[in-house]
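In order, the protein sequences belong to chains A and B.
For the first sequence, position 361 matches number 1837 in the working numbering, and the numbering has no gaps at all.
For the second sequence, position 4 matches number 182 in the working numbering, and the numbering has no gaps at all.
Heads up: the structure comes next, in structure tokens.
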Amino acid sequence: MKNLFLSVLFALTVCFLLFSVSSPCLAEGNSLIVSLGSQELQTINPAYSTSRHVLVLYHNWGDTLLYRDPSTKKIVPCLSESFRMIDPQTIEFNLRKGVRFHNGEPFDASAVKFSLNLLKSPGSLVSQYLSGFEEAQIIDDHTVRIKTSIPNPTALEIIANTLFIFPPHYYGKVGKEGFEKRPVGTGPYMFSSWKNPQEICFRAYPDYFGKPKGKAQIPLLCAMVIPEEIPQIQALMIGRVDLSRSTNALQKQIPFLLGTTDLKVRSTPSLRTNFVCMDSIGRSGVEFFKDKRVRRAVNHAIDKKQIIQKQYLGFADINWGVTSPLHFGHEPDVQKYPYDPVKSKKLLAEADYPDGFTVDFFCAGVNESACESIAKNLYAVGIKTNMIWMGAEWSEFYKKFLRGQFPLAFLTWGSYSIFDASAILNPFFMNNAPGCYGTTPEIDRILKEANNTLDQENRKAYFSKAQKVIAEEAFWAPLCITRPLSIMKKNLNFEPSYDEIDRYFTATWKKKPESKSEQYFKEKIN
Amino acid sequence: MIDNLRRRGKKSNRSFFVIWGVILLFGISAPFAPTIRTHAFALDKPQQSGVAALYLYNFLMFVEWPEGTFHDSKLMQVKIFGNTALFESLKPMIGKIVRGKKLAVTEGLGKKDLVEPYHVLFIDSSKMPFVSETLKRLENRSILTISNKQGFTDMGGMVFLKDLSSPTVKEGHAKRFEINLTAVEKARLRIGSRLLRLSDIVYKGVDR
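Structure (structure tokens):
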């Protein structure tokens, strides 16, 4: 009997030890729990997602050859030690030696070649950015040359943001699905567990090589999806989460949070633009917006100033064009369509819609109240909308958008954190782009010219021209450039970055001030 | 001698199985065990009232009152009946602008409150004996009635705030309120979709 008791005791002790090692201890100080927002975490593999939070998480558990240093805003080597232009279409990278993936697999030139091929393959959602990248040539284990089909002025930014590096042997062994279950990278954090399909945890990677990102400061990182706005705030209030990832949807909760809770809010300017996209070419089977007068009527119907003031609470700046002032090539001097419902109705009447019409209006990934306000503004001039809110289903929304199924949509675009006008103009206004719902041969030609030159002054001129034509044609009704919010506990040191890539590995907890008794004992000891 | 050894062998076999049995059981159940942070989420009173205040604030943000109900009143008025902790949680918001109006929050419910216009009335579960009478007096007026008492909607109330304990991820999908749309519609109020998505919607008669 005594033996049995001792056996059980021994077993329980072993279990306790095992549990404390295997289960992340989520006490504050040891851990950082991040609310990713409402978009479902359908995949963690950045090759198969356009969700911002998948991109953000990747840059915490993975690395790229280059890295944007948020303090200097410069692109610096990361998985590479150095790089140089061999010719206008070839960049040579000397890879960092001694780097291993989290599973022990060595990082070398074959990983770069494998990753580029994977990211360019059919099904990859970042292939649109990498389509101009021809191949990765292995020179030796630690030297690789990346060739582009034409001189690519944004090559370094694209490599820094979207050339995600995968472990070839592991990926080959476990496949896409296995990788999904247990992602392996080289980054400051390494995968620990899926708590459930909407919550993933990481541990600091002890052998991380360090510069330029630096080692993770907080040992455990968990990231979770909470599908609705109010429960997200509740989770912050009660300490279930420590930080709400940069968002452009929680502005209305700010007065309450600042008034009644111990949380702080940070915001930064960004590339993120919110806009209404009209189907000007009839891809969705709806013809209304083929008429430029209707598109202009929509533009005049929307009261941007009021929406920014009331729904974004000022955490956004009015936008008349397509790009953000942070994009290289931003053109502020474009045709403006000020709020003028009378003019809007007149234009609708001229276009043979004196009584307006009814149309489906799809929204996701944006401020829900802003979407409702736009619908109200449109209703006031006679355009009745069936508003379809796909809040948490960004992936599904975006797939449908690319398939050309939306006659009218309110969406958001962060340009994959590429600070160049091409990152928003190419995916939406080049003739063959799946996100194109309206362009002209002239715009298509100008954008191609801009893509074919490395001369920045010429590119600027091309982008300027393209943006002027786009505004004149009123393909979109741009609303604003948002200043995304990060909401967090006051004792968390974390600064969101203007590129909307949260670097959780830089976060630290403030030390609690010493209590009087602690001070007393310290003095005694001294 | 041999028997003794056999017995010892059986005993040590038994211990072996017990040890590994317990470890195995623990191992299987460990992934399902809540994390330490989740354990700590039995909300204390101030947290509960803080969360209730958050919900109340969101009702103010996302409910539409019929035009002209409050004429040109520059106040957004809330009455809290029987819940001082909730009142205290909302206190820092008093005087702040909510939807273009100054927020006014008062505690208690006097006779004149049954005739004067205001937007929201929260009735605590401890004040249930007064509920039927109060709701009857407020009939046909566009006042959003909220309570934390189970069965409030059966009595003709509009919103029942459910147990306000922590949102685990699973709870992130859970319904926070019960909304009686019959009563809401009768009062000519419109509740925003983001609140309805968090609600169990019921239709319960308001004839008393």
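Beta carbons are placed, not taken as given, at the ideal position from N, Cα and C, and that holds for glycine.
Checklist entry - For Cys1912(A), which residues from the same chain have a beta carbon less than 7 Å from its beta carbon, with the 5 sequence-adjacent residues on both sides left out? => result Taking the first sequence and counting its residues from 1, one reaches residue 1912(A) at position 436. Phe1904, Phe1905 and Met1906, listed in sequence order.
Item to check | Backbone secondary structure at Thr1744(A) - three-state DSSP | outcome: The sequence position of residue 1744(A) within the first sequence is 268, counting from 1. If DSSP states are grouped into helix, strand and coil, Thr1744(A) belongs with coil.
Checklist entry - Using the rule of at least 16 other Cβ atoms within 10 Å of the residue's Cβ for burial, across every protein chain shown, is Met1666(A) buried or exposed? => result Your numbering for residue 1666(A) matches position 190 in the first sequence. So Met1666(A) ends up on the buried side.
Checklist entry - Near Phe1895(A), which residues of its chain fall below 7 Å by C-beta distance, leaving aside the five closest residues on each side in sequence? => result Against the first sequence, residue 1895(A) aligns to sequence position 419. Counting only Cβ-Cβ distances below 7 Å, and skipping sequence neighbours, we find Glu1633, Leu1747, Leu1802, His1803 and Phe1804.
Next on the checklist: Counting only C-beta atoms, is Ile1850(A) closer than 7 Å to chain B at any point?
Outcome noted: The residue given as residue 1850(A) occupies position 374 in the first sequence. Not one chain B Cβ lies under 7 Å of Ile1850(A).
Checklist entry - Does any C-beta atom of chain A lie closer than 7 Å to the C-beta of Asn236(B)? => result Residue 236(B) sits at position 58 when you count from the first residue of the second sequence. Taking Cβ atoms only, chain A reaches closer than 7 Å to Asn236(B), which makes this a yes.
Next on the checklist: For a cutoff of 7 Å on Cβ pairs, would you count Val1497(A) as touching chain B?
Outcome noted: For the purposes of this step, residue 1497(A) is identified with residue 21 of the first sequence, where counting begins at 1. Confidence in Val1497(A) is poor, its pLDDT being 42 and thus under 50, which makes the residue's placement unreliable; the coordinate value appears in the next sentence. No, Val1497(A) does not count as interfacial toward chain B.
Item to check | Partner residues on chain A for Ala231(B), Cβ-Cβ distance less than 7 Å | outcome: The count along the second sequence starts at 1 and reaches residue 231(B) at position 53. Near Ala231(B) (Cβ distances below 7 Å), the residues of chain A are Thr1736.
Next on the checklist: On a Cα-Cα basis, can you pick out the residue from Pro1553(A), Glu1581(A), Pro1564(A) and Phe1577(A) that is closest to Asn1570(A)?
Outcome noted: Taking the first residue of the first sequence as position 1, residue 1570(A) is located at position 94. With distances taken between Cα atoms, Asn1570(A) lies closest to Pro1553(A).
Checklist entry - Roughly how far, in whole angstroms, is the beta-carbon of Ser1756(A) from the beta-carbon of Phe1583(A), given that I think they are within contact range, below 8 Å? => result For the purposes of this step, residue 1756(A) is taken as residue 280 along the first sequence, with counting starting at 1. For the purposes of this step, residue 1583(A) is taken as residue 107 along the first sequence, with counting starting at 1. The Cβ separation is near 46 Å, so there is no contact.
Checklist entry - Cβ of Gly1538(A) within 7 Å of Cβ of Gly1661(A)? => result The sequence position of residue 1538(A) within the first sequence is 62, counting from 1. The sequence position of residue 1661(A) within the first sequence is 185, counting from 1. Cβ atoms of Gly1538(A) and Gly1661(A): closer than 7 Å.
Next on the checklist: Excluding the 5 residues flanking Lys1623(A) on each side, which residues of the same chain have their C-beta closer than 7 Å to its C-beta?
Outcome noted: Along the first sequence, read from residue 1 onward, the residue named residue 1623(A) stands at position 147. Counting only Cβ-Cβ distances below 7 Å, and skipping sequence neighbours, we find Gln1565, Thr1566, Glu1610, Glu1611 and Gln1613.
Checklist entry - Below 7 Å between beta carbons: does that hold for Ile1778(A) and Asn1853(A)? => result As a first step, residue 1778(A) is located in the first sequence; it is residue number 302 there, counting from the start. As a first step, residue 1853(A) is located in the first sequence; it is residue number 377 there, counting from the start. Against a cut-off of 7 Å, the Cβ pair of Asn1853(A) and Ile1778(A) comes out as a contact.
Next on the checklist: On the DSSP bridge list, what partners appear for Leu281(B)?
Outcome noted: Translated into positions along the second sequence, residue 281(B) becomes position 103. Answer is Met254(B), bridged to Leu281(B).
Next on the checklist: Suppose you measure from the CA of Lys1555(A) to the CA of Met1561(A); what does that come to, to the nearest Å?
Outcome noted: As a position in the first sequence, residue 1555(A) is number 79, starting the count at 1. As a position in the first sequence, residue 1561(A) is number 85, starting the count at 1. The amino acid at residue 1555(A) is misidentified as Lys; the sequence shows Leu. Their backbone Cα atoms lie some 17 Å apart in a straight line.
Checklist entry - Three-state secondary structure (DSSP) at Gln1613(A)? => result Stepping through the first sequence from its first residue, residue 1613(A) is reached at position 137. Correct three-state label for Gln1613(A): strand.
Item to check | Run of the alpha helix (DSSP H) containing Tyr1665(A), from where it starts to where it stops | outcome: Here residue 1665(A) is taken as the residue at index 189 of the first sequence, counted from 1. Counting along the chain, Tyr1665(A) falls outside any alpha helix (DSSP H), though it belongs to the beta strand (DSSP E) covering Tyr1665 to Asn1672.
Next on the checklist: Taking CB distances under 7 Å as the criterion, tell me whether Gln1710(A) reaches chain B.
Outcome noted: Sequence index remark: in the first sequence, residue 1710(A) carries index 234 (1-based). Taking Cβ atoms only, chain B reaches closer than 7 Å to Gln1710(A), which makes this a yes.
Next on the checklist: Would Met1866(A) and Phe1873(A) be called neighbours here (beta carbons separated by less than 7 Å)?
Outcome noted: Along the first sequence, read from residue 1 onward, the residue named residue 1866(A) stands at position 390. Along the first sequence, read from residue 1 onward, the residue named residue 1873(A) stands at position 397. Yes. Within cutoff.
Checklist entry - Just curious, the alpha helix (DSSP H) that Tyr1788(A) is in, first and last residue? => result One-based indexing of the first sequence puts residue 1788(A) at position 312. From DSSP, Tyr1788(A) is part of no alpha helix (DSSP H); its letter is neither H nor E.
Next on the checklist: Can you list, in chain order, the residues of its chain with a C-beta nearer than 7 Å to that of Gly1505(A)? Leave out the 5 residues immediately preceding and following it.
Outcome noted: Start at 1 with the first residue of the first sequence, and residue 1505(A) comes out as number 29. Result list for Gly1505(A): Trp1985, in chain order.
Next on the checklist: Counting only Cβ-Cβ distances shorter than 8 Å, please list the residues of the segment 1857 to 1871 of chain A near chain B, keeping chain order.
Outcome noted: Trp1865
Checklist entry - Which of the three DSSP states, helix, strand or coil, is assigned to Asp1931(A)? => result Start at 1 with the first residue of the first sequence, and residue 1931(A) comes out as number 455. DSSP places Asp1931(A) in coil when its eight states are reduced to three.
Next on the checklist: For Pro2020(A), count the other beta carbons within 10 Å of its own beta carbon; 16 or more makes it buried, fewer makes it exposed. Which is it?
Outcome noted: As shown, chain A starts at 1477 and ends at 2002. That puts residue 2020(A) outside it, with no answer to give.
Checklist entry - Are there three or more Cβ pairs, one per stretch, closer than 8 Å when the segment 1772 to 1788 of chain A is compared with the segment 1835 to 1854 of chain A? => result yes
Checklist entry - Would a check of beta-carbon distances place Lys1986(A) closer than 7 Å to chain B? => result Taking the first sequence and counting its residues from 1, one reaches residue 1986(A) at position 510. It does not: the Cβ of Lys1986(A) has no partner Cβ on chain B nearer than 7 Å.
Checklist entry - Taking Cβ positions, are His1618(A) and Lys1573(A) nearer each other than 7 Å? => result Counting from one through the first sequence, the residue named residue 1618(A) turns up at place 142. Counting from one through the first sequence, the residue named residue 1573(A) turns up at place 97. The answer is yes: Cβ separation under 7 Å.
Checklist entry - At a CB-CB cut-off below 9 Å, which residues of chain B make contact with Glu1705(A)? => result Here residue 1705(A) corresponds to residue number 229 of the first sequence, with the count starting at 1. What Glu1705(A) touches in chain B: Asn236 and Arg372.
Checklist entry - Going along chain D, which residues have a C-beta under 7 Å from Glu1844(A)? => result You won't find chain D in this structure, because its protein chains are A and B.
Item to check | Beta-ladder partner(s) of Met1561(A), from DSSP | outcome: For the purposes of this step, residue 1561(A) is taken as residue 85 along the first sequence, with counting starting at 1. Paired residue(s): Ile1567(A).
Checklist entry - Hey, is the segment 1878 to 1893 of chain A in contact with the segment 1734 to 1745 of chain A, meaning 3+ C-beta pairs nearer than 8 Å? => result no
Checklist entry - If you drop the 5 nearest sequence neighbours on each side, which residues of the same chain put their C-beta closer than 8 Å to that of Val276(B)? => result For the purposes of this step, residue 276(B) is taken as residue 98 along the second sequence, with counting starting at 1. For Val276(B), where only same-chain residues beyond five positions count, the Cβ hits under 8 Å are Tyr235, Leu238, Met239 and Met254.
Next on the checklist: Under 6 Å: does the beta carbon of Pro244(B) sit that close to some heavy atom of the ligand MN?
Outcome noted: Absence of the ligand MN is noted for the structure shown, with no ligands found whatsoever.
Item to check | Cutoff 7 Å; reference Leu1533(A); Cβ partners in own chain excluding five residues on either side | outcome: Working through the first sequence from its first residue, we reach residue 1533(A) at position 57. Ile1520 and Ala1699.
Checklist entry - Roughly how far, in whole angstroms, is the beta-carbon of Ala231(B) from the beta-carbon of Leu264(B), given that I think they are within contact range, below 8 Å? => result Stepping through the second sequence from its first residue, residue 231(B) is reached at position 53. Stepping through the second sequence from its first residue, residue 264(B) is reached at position 86. Confirmed, Cβ separation roughly 6 Å.
Next on the checklist: For Phe388(B), list the residues DSSP reports as bridge partners.
Outcome noted: Nothing about residue 388(B) can be read from this structure; chain B reaches only from 179 to 386.
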